[in-house]
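Visitor: Structure incoming, see below.
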Ligand SMILES: [Zn+2]
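Numbering (our numbering), first residue to last: 76 to 464.
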């Protein structure tokens, strides 16, 4: 069987930021491009849909997993779980099993975790990734994803199943390569994200994680070269990682005001920001004032949110966003009770927030921000199937 002509290989590595990669050896001898890539405000839940659709969060309508919306909340059952003893529900393993159960119960095919969400509040919130965003029809706004474009152009492709362990995703791609059928591949990796949450960005654990990817991906590329004449590869991330320098107990500051959650206001406390909905002016004013007294963060004005591409219609993700300074973890939060050495989801322009792009191609007009990864993938697809008109 002759070698196949071309493969466009896109390798996504969660949290492999520019600051993480720039001084570590990583495919250096193969790379003709190794540079920073602007990120999107939020977490992977807002970044990844931008990669897949080429759109900003306000256009694809993904941002954070939870938003105030009691009317459509699928979590009525969870109110009763609040009576379970804290010693049980506080355990990560127990919450993981419950996440699986609740996700199954409600038919959620997207990535679902209840994290540290208080059960008594969960029925006030809607989950924003009910469907698998890597499948057609998974994007909230109805935007189509790059895989639909490939399908329309008749390009056979491989896309990782993110539910499999990382090594099995690599092996699944490697099982497809010798068949010489696919022309485009999207490999989804990212165990290094957890390594850096636990250890921060410095230190031997991160060195060895990066060098593992370097070694392991070279093995994959060898296999590619045995089966294809020509490969263009792009290794990229969605965001970087920032070392924690401080913890901010914002929840206590807000609770101390004495308002009732669900009656006066509602809030989602993410790891780096808090988002609020207000049900009376008194709560709005007092909470804004209390936030103003927290020196390690700021309320995001409308112009900033618009610049971030996060000017959501109908206050979809909150009426007020309070973002902590880079390195200041909101802790405890609805995402976790204990501190972490690294976190992402700070100011997207901060150097540690930046994503990265490494490629064996010299790019005349490299993508500046994440949503332009879509255009890069589309251009690869167009080279595989040039328009004949
Ligand atoms: Zn992460």
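By construction, the Cβ of each residue, glycine as well, lies at the ideal position given by its N, Cα and C atoms.
Given that a residue counts as buried once 16 or more other Cβ atoms are within 10 Å of its Cβ, and exposed if not, what is residue 335?
Guide: Residue 335 is exposed by the Cβ-count criterion.
Visitor: Does the beta-carbon distance from residue 191 to residue 410 come in below 8 Å?
Guide: Taking 8 Å as the Cβ cut-off, residue 191 and residue 410 qualify as a contacting pair.
Visitor: When we look at the beta-carbon of residue 133 and count the other beta-carbons within 10 Å, is it buried (16 or more) or exposed?
Guide: By the 10 Å Cβ count, residue 133 comes out buried.
Visitor: Identify the continuous beta strand (DSSP E) that holds residue 126 and give its terminal residues.
Guide: Unbroken run through residue 126 is the alpha helix (DSSP H), 119-128; no beta strand (DSSP E).
Visitor: Hey, out of 312, 370, 376 and 77, whose CA is closest to residue 325's CA?
Guide: For residue 325, the nearest C-alpha among the options comes from 370.
Visitor: From 459, 177, 348 and 232, pick the residue whose C-alpha is nearest to that of residue 188; which is it?
Guide: Nearest option by C-alpha distance: 177.
Visitor: Hey, is the stretch 400-414 in contact with the stretch 152-163, meaning 3+ C-beta pairs nearer than 8 Å?
Guide: No contact exists between the stretch 400-414 and the stretch 152-163.
Visitor: Thinking C-beta only, is residue 78 closer than 8 Å to residue 215?
Guide: For residue 215 and residue 78, no; Cβs fall outside 8 Å.
Visitor: List the endpoints of the continuous beta strand (DSSP E) containing residue 352.
Guide: 348-353 is the extent of the beta strand (DSSP E) around residue 352.
Visitor: Residues in its own chain within less than 7 Å of residue 276 by CB, not counting five upstream and five downstream?
Guide: Closer than 7 Å at the Cβ level, and outside the excluded window around residue 276, lie 94, 95, 316, 318 and 417.
Visitor: Do you know how far the Cα of residue 109 is from the Cα of residue 98?
Guide: Approximately 11 Å between the Cα atoms of the pair.
Visitor: Return yes when the C-beta of residue 272 is under 7 Å from any heavy atom of ligand 1, and no when it is not.
Guide: Under cutoff, so the answer is yes.
Visitor: Looking only at its chain, what residues have a beta carbon closer than 8 Å to the beta carbon of residue 230, apart from the 5 residues adjacent to it on each side?
Guide: Answer for residue 230: 258, 259, 456, 459 and 460, listed in chain order.
Visitor: Taking 7 Å as the cut-off, does the CB of residue 419 come closer than this to any heavy atom belonging to ligand 1?
Guide: Residue 419 Cβ: within cutoff of ligand 1.
Visitor: Measure the alpha-carbon distance for residue 127 versus residue 210 and round it to whole angstroms.
Guide: Straight-line Cα distance between these residues: approximately 10 Å.
Visitor: Could you please give me the residues that DSSP links to residue 318 through a beta bridge?
Guide: Beta-bridge pairing links residue 318 to 417.
Visitor: Cα separation between residue 80 and residue 422?
Guide: Straight-line Cα distance between these residues: approximately 42 Å.
Visitor: Judging by CA-CA distance, which residue of 112, 198 and 125 is the nearest neighbour of residue 147?
Guide: Residue 147 has its Cα closest to that of 198, out of 112, 198 and 125.
Visitor: Buried or exposed for residue 17, going by 16 or more other Cβ atoms inside 10 Å?
Guide: This structure leaves residue 17 out entirely; the chain is present only between 76 and 464.
Visitor: Contact between the stretch 447-455 and the stretch 347-354 is defined here as three or more beta-carbon pairs at a separation below 8 Å; is this criterion met?
Guide: Result no; under three Cβ-Cβ pairs closer than 8 Å.
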